[in-house]
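**Student:** First to last, the protein sequences are chains A and D. When we follow my numbering, the leftmost residue of the first sequence carries the number 94, and every step to the right adds one. When we follow my numbering, the leftmost residue of the second sequence carries the number 94, and every step to the right adds one. Have a look at this one.
2 protein chains.
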Amino acid sequence: MRIEVVNTGTELLLGKVVNTHAAYFGNELFKIGLRVQRQTTIPDGAEIRTVLAEAFPRCDAMLVTGGLGPTSDDITREVVAEMLGRELRLDEGILATIREMFRLRGLRQNPSNDRQAMVPEGAVVLDNPHGTAPGLHLPADPALGSPHLFLLPGPPRELKPMFAELVLPALVQLLGEDATPPAWRNFRIYGVGESSLASSLEPVLGGIEGLELGYCARLGEVDLRLIGEPGPVDAAAKIVRRKFSEEIVAESEAPIGEVVVGLLAAAGETVATAESCTGGLVASTLTDVPGSSAVFPRGYVVYSNGAKSELLGVPPDLFEEFGAVSEPVARAMAMGCLARSGADHAIAVTGIAGPDGGTDEKPVGTVYVALASRREGVHCRRHFFPSDRLSFKQRVVRLALDLLRRRLRGFPLPEKERKMRKPV
Amino acid sequence: MRIEVVNTGTELLLGKVVNTHAAYFGNELFKIGLRVQRQTTIPDGAEIRTVLAEAFPRCDAMLVTGGLGPTSDDITREVVAEMLGRELRLDEGILATIREMFRLRGLRQNPSNDRQAMVPEGAVVLDNPHGTAPGLHLPADPALGSPHLFLLPGPPRELKPMFAELVLPALVQLLGEDATPPAWRNFRIYGVGESSLASSLEPVLGGIEGLELGYCARLGEVDLRLIGEPGPVDAAAKIVRRKFSEEIVAESEAPIGEVVVGLLAAAGETVATAESCTGGLVASTLTDVPGSSAVFPRGYVVYSNGAKSELLGVPPDLFEEFGAVSEPVARAMAMGCLARSGADHAIAVTGIAGPDGGTDEKPVGTVYVALASRREGVHCRRHFFPSDRLSFKQRVVRLALDLLRRRLRGFPLPEKERKMRKPV
Chain A
94 MRIEVVNTGT ELLLGKVVNT HAAYFGNELF KIGLRVQRQT TIPDGAEIRT
144 VLAEAFPRCD AMLVTGGLGP TSDDITREVV AEMLGRELRL DEGILATIRE
194 MFRLRGLRQN PSNDRQAMVP EGAVVLDNPH GTAPGLHLPA DPALGSPHLF
244 LLPGPPRELK PMFAELVLPA LVQLLGEDAT PPAWRNFRIY GVGESSLASS
294 LEPVLGGIEG LELGYCARLG EVDLRLIGEP GPVDAAAKIV RRKFSEEIVA
344 ESEAPIGEVV VGLLAAAGET VATAESCTGG LVASTLTDVP GSSAVFPRGY
394 VVYSNGAKSE LLGVPPDLFE EFGAVSEPVA RAMAMGCLAR SGADHAIAVT
444 GIAGPDGGTD EKPVGTVYVA LASRREGVHC RRHFFPSDRL SFKQRVVRLA
494 LDLLRRRLRG FPLPEKERKM RKPV
Chain D
94 MRIEVVNTGT ELLLGKVVNT HAAYFGNELF KIGLRVQRQT TIPDGAEIRT
144 VLAEAFPRCD AMLVTGGLGP TSDDITREVV AEMLGRELRL DEGILATIRE
194 MFRLRGLRQN PSNDRQAMVP EGAVVLDNPH GTAPGLHLPA DPALGSPHLF
244 LLPGPPRELK PMFAELVLPA LVQLLGEDAT PPAWRNFRIY GVGESSLASS
294 LEPVLGGIEG LELGYCARLG EVDLRLIGEP GPVDAAAKIV RRKFSEEIVA
344 ESEAPIGEVV VGLLAAAGET VATAESCTGG LVASTLTDVP GSSAVFPRGY
394 VVYSNGAKSE LLGVPPDLFE EFGAVSEPVA RAMAMGCLAR SGADHAIAVT
444 GIAGPDGGTD EKPVGTVYVA LASRREGVHC RRHFFPSDRL SFKQRVVRLA
494 LDLLRRRLRG FPLPEKERKM RKPV
């Protein structure tokens, strides 16, 4: 099934709002084995007619967002009715719902809202419990050469439930009963680059019929997606699990912070953090996870050397002898954090986030990451992530949390330093 | 000048990456008085030819992202050269730069990277200091009916500097010397909602000819944009400054963390942080700013009550009497942080980020934010931001940093609690 997306909204083209619909549709459709062939953004207003007419012959279904509201430039409903030669009729049920919604919120009913109760003949109404404008499904009309049209509201909190609950099932039904949606799995992997992953897997998985692979690399992490018939996907998943048993962070799209918090909770253990160059981002990433308070009692953000000594007991002569960005300091931070927090594990990071502060010996992007654990002792390595300040912080956070994940899973910690593969 | 944007990238249509280019272009072009008429996303591969051919007659300039890399589905350069009948020639300068970049990073040079040094005849090379593939500008060719084509790299960290430094100036030049780009100003405002801002300003500014207003609200912050002829924009800016002298965070798009770090540096003062519910995000936001080490010596992330007492000296009986989320605890955290860190200011936050942990008296979204300063003493208020966990954290961080901004600017701190207008 060929699918296109059209987003209407002047604010999207002015850059006032980032278009997240396109990514949302892509993700959801992928799960039923469909792909968006083209996505187009146009301003509110007359342009919708041209874009629809161009797209009709190219696709079997179109997802159109926006343009269903009460203002004068919301004209999608009217344009579609006209293009398909359908009359618009007032739907008393929708009208009553809209009026009741306004009454409940104590708002004046604006007559322009009544337009939202107009329905083209032959359209299926898609209820919108989160807003006033319902969505509309106009089935394909072979005589006119029009595809299935799904007219959907613009605001994400209205669009997403409608899409998940009404549009996705309708698409599955259109795919036909024989066409069972494909199976799919996502593996979130840390510690193997996208190209190494591909060159390791493709010789083995390339031969499996009915299987498709997708990769997405993101600041040190790679998502590997398997999609296809259930048998081949299961067979491939087994191979991936065997080859990368230690590097698989999650068989889902769970962020690494969530995985680590879950492992700590299951083990009944805790972690504390001692951060210099990440400046609190390790702690913030852990505390993004609901329930993290059970496993994360405290963190130290020790930007100054004074704070490193005073809060973590790092001996001041280490700064003179080795520098604040050094293995001895990272180790002392981790040990001090472990001892003073009483936690079971302590993560410590010290590095040079840039853009200034680098030297020939320790250029911007150099970082020492240490993990101290009550039972297993201290592990510390130097790494190198020369990138902009915010990406550097993110990469270091992922690396640090992955060390803890490995330790909690009982895997050996990597001996080699990590370096960015691609130059920045 | 009619402008279209084409983004190539299968990952954008699969929903693995949100397309932020479109919003970025919209924002930047707005500043020189241009608007994007249409934006299209297509997969990597052959589709680029069709989309370019369709768009040529509709526009004067096209911004095309992606498809310049080394892999086999990166074909934008080759397709454009063929459509315009230009030969591709190896540019020895680019080749040398690419090879040097690989050498410096100790990476093997992959022969497929050499393709990135191919340049169509007549193209202007746009240097890419952040990656291997340079951008290309192919001037409009009236004989072929082709618009100005700007072929740009996909990764945002490569694209944005190239666009700002090379493409935007080229577009200004193409607009012609008579067509002076409009003046524009951005005011970043904290503490006034979008609708209050509009209803306060529009009666006054609505009458100014040659002026256009734009608003963008984002987790407590509002950007107000003025655009138009220089005179009207200046006149309007004076009015905005007079009406919102205290609420203007920046007359730019600078994040509030950058503003606060700048004010601290100018005053030669420092801040320390004591965070419970924000879990390190205040510290991380400050340390996102280069040079923050001069003004931010340390932060405490005190998720457990034990940590609040041990690290900040919060008397344990306060937890029993008032609860960890209370004004006395927030005040004690701020005072303890100030005393123990030796900083000039201390920010403390304690609240309920959710989704669990709320009570009738203190529902999810409740937060106490305190600011203690050596000279001015302690300020503390209760606020209410019922939203998802991550938005809650962001809103609290903005509020806390804005308190410090006001104090550093010598403005009174707001007496009233802040509440979200719309329930989420």
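We put the beta carbon where it would ideally sit given N, CA and C, even for glycine.
In the region 386–399 of chain A, which residues sit with their C-beta less than 8 Å from some C-beta in chain D, listed in chain order?
**Tutor:** Those would be Ser386, Phe389, Pro390, Arg391, Gly392, Tyr393, Val394, Val395, Tyr396, Ser397 and Gly399, in chain order.
**Student:** Beta-carbon separation of threonine 169 (chain A) and valine 157 (chain A) under 8 Å?
**Tutor:** Going by C-beta atoms, threonine 169 (chain A) is nearer than 8 Å to valine 157 (chain A).
**Student:** Using the rule of at least 16 other Cβ atoms within 10 Å of the residue's Cβ for burial, across every protein chain shown, is glycine 470 (chain D) buried or exposed?
**Tutor:** So glycine 470 (chain D) counts as exposed.
**Student:** Whose C-alpha, out of A:His223, A:Leu219, A:Leu183 and A:Leu181, is nearest the C-alpha of methionine 194 (chain A)?
**Tutor:** Measuring from the Cα of methionine 194 (chain A), the nearest candidate turns out to be A:His223.
**Student:** Taking leucine 219 (chain A) as the reference, which of A:Ile349, A:Gly384 and A:Pro227 has the closest Cα?
**Tutor:** Per the Cα distances, A:Pro227.
**Student:** Is there at least one Cβ from chain A nearer than 8 Å to lysine 109 (chain D)'s Cβ?
**Tutor:** Closer than 8 Å: yes.
**Student:** Per the DSSP calculation, alanine 154 (chain A) is bridged to which residue(s)?
**Tutor:** The partner list for alanine 154 (chain A) (beta bridge, DSSP) reads A:Ile96 and A:His241.
**Student:** Straight-line CA distance for valine 517 (chain A) to leucine 197 (chain D)?
**Tutor:** Residue placement at valine 517 (chain A) is flagged as unreliable, the pLDDT there being 39, under the threshold of 50; the coordinate-derived value follows with that caveat. The straight-line gap from Cα to Cα measures roughly 12 Å.
**Student:** Between the Cα of glycine 503 (chain D) and the Cα atoms of D:Lys486, D:His476 and D:Ser466, which residue gives the shortest distance?
**Tutor:** Closest by alpha carbon: D:Ser466.
**Student:** Helix, strand or coil: which one does DSSP assign to valine 353 (chain D)?
**Tutor:** Correct three-state label for valine 353 (chain D): helix.
**Student:** Between which two residues does the alpha helix (DSSP H) harbouring proline 213 (chain A) extend?
**Tutor:** Counting along the chain, proline 213 (chain A) falls outside any alpha helix (DSSP H), though it belongs to the beta strand (DSSP E) covering 211–213.
**Student:** Any idea which residues DSSP pairs alanine 463 (chain A) with across the strands?
**Tutor:** In the DSSP output, where bridge partners are listed per residue, alanine 463 (chain A) has A:Ala441 and A:Cys473.
**Student:** Mind checking which residues open and close the beta strand (DSSP E) that includes glutamate 510 (chain A)?
**Tutor:** Unbroken run through glutamate 510 (chain A): none, as it is neither H nor E.
**Student:** What is the DSSP secondary structure of glycine 321 (chain A), reduced to helix, strand or coil?
**Tutor:** Residue state, collapsed to three classes: strand.
**Student:** 8 Å is my cut-off, CB to CB: does leucine 497 (chain A) come that close to chain D?
**Tutor:** Judged by the 8 Å Cβ criterion, leucine 497 (chain A) is not in contact with chain D.
**Student:** From the DSSP secondary-structure annotation, give me the bridge partner or partners of cysteine 370 (chain D).
**Tutor:** Looking at the DSSP assignment, cysteine 370 (chain D) forms no beta bridge with any residue, so it has no partner.
**Student:** Could you tell me which of D:Leu107, D:Leu122, D:Tyr117 and D:Asp381 sits nearest to alanine 115 (chain A), measuring between CA atoms?
**Tutor:** For alanine 115 (chain A), the nearest C-alpha among the options comes from D:Leu107.
**Student:** State the DSSP-derived secondary structure class of glycine 429 (chain A), mapped to helix, strand or coil.
**Tutor:** Glycine 429 (chain A): helix per DSSP, three-state reduction.
**Student:** Ends of the beta strand (DSSP E) at glycine 228 (chain D)?
**Tutor:** It spans 228–231 - the beta strand (DSSP E) in which glycine 228 (chain D) sits, taken as one unbroken run.
**Student:** Based on DSSP bridge pairs, tell me the residues matched to lysine 280 (chain D).
**Tutor:** Position check: residue 280 (chain D) holds phenylalanine in this sequence, whereas lysine was assumed. Phenylalanine 280 (chain D) is bridged to D:Leu317.
**Student:** Can you give the Cα-Cα distance for threonine 103 (chain D) and serine 419 (chain D), rounded to whole angstroms?
**Tutor:** So the two alpha carbons sit approximately 50 Å from each other.
**Student:** Beta-carbon within less than 6 Å of glycine 451 (chain A)'s beta-carbon, same chain only, minus the 5 sequence neighbours each way: which residues are those?
**Tutor:** Ile445 and Val457, listed in sequence order.
**Student:** Closer than 7 Å by beta-carbon distance: list the chain D residues that pair up with phenylalanine 123 (chain A), in chain order.
**Tutor:** Per Cβ cutoff of 7 Å: Leu107 and Gly108.
**Student:** Are glutamate 322 (chain A) and alanine 276 (chain A) touching if we call contact CB-CB under 8 Å?
**Tutor:** Contact flag set, yes.
**Student:** Identify which residue in D:Ala329, D:Ala365, D:Asn398 and D:Met155 has its Cα closest to the Cα of arginine 433 (chain D).
**Tutor:** For the residues D:Ala329, D:Ala365, D:Asn398 and D:Met155, the minimum Cα distance to arginine 433 (chain D) belongs to D:Ala365.
**Student:** Would alanine 427 (chain D) be called buried (16 or more neighbouring beta carbons within 10 Å of its own) or exposed?
**Tutor:** Burial call: buried.
**Student:** Answer yes if the region 159–169 of chain D comes into contact with the region 235–248 of chain D, meaning at least three C-beta pairs across the two stretches below 8 Å, and no otherwise.
**Tutor:** Yes, since at least three Cβ pairs between the region 235–248 of chain D and the region 159–169 of chain D fall closer than 8 Å, the two stretches touch.
**Student:** Go through the region 120–171 of chain D residue by residue and report every complete run of the alpha helix (DSSP H) that reaches 4 residues or more, in order.
**Tutor:** List check, alpha helix (DSSP H) in window: 140–148.
**Student:** Give a yes or no on whether 8 Å exceeds the smallest Cβ distance from serine 377 (chain D) to chain A.
**Tutor:** With 8 Å as the cut-off, serine 377 (chain D) counts as an interface residue toward chain A.
**Student:** For the beta strand (DSSP E) containing glycine 307 (chain D), name the first residue and the last one.
**Tutor:** Per DSSP, glycine 307 (chain D) belongs to the beta strand (DSSP E) from 304–311.
**Student:** Expressed to the nearest angstrom, what Euclidean distance is found between the alpha-carbon atoms of threonine 378 (chain D) and tyrosine 117 (chain D)?
**Tutor:** When rounded, the distance between both Cα atoms is 22 Å.
**Student:** Using a Cβ-Cβ cutoff of 9 Å, what residues of the region 460–484 of chain D are near chain A? List them in chain order.
**Tutor:** Answer in chain order: Arg482 and Leu483.
**Student:** Apart from the five residues on each side of it in sequence, which residues of its chain come closer than 6 Å, Cβ to Cβ, to arginine 281 (chain D)?
**Tutor:** Correct list, in chain order: Asp316, Val342 and Ala343.
**Student:** At the 8 Å Cβ level, is glycine 373 (chain D) part of the contact set with chain A, yes or no?
**Tutor:** Cβ-Cβ to chain A under 8 Å: yes for glycine 373 (chain D).
**Student:** Using the Cα positions of aspartate 410 (chain D) and serine 397 (chain D), report the straight-line distance between them to the nearest angstrom.
**Tutor:** Rounded to whole angstroms, aspartate 410 (chain D) to serine 397 (chain D) spans 14 Å at the Cα level.
**Student:** Does the separation of the CB atoms of valine 354 (chain A) and glycine 384 (chain A) fall below 8 Å?
**Tutor:** Yes, the pair counts as a contact, with Cβ atoms nearer than the cut-off.
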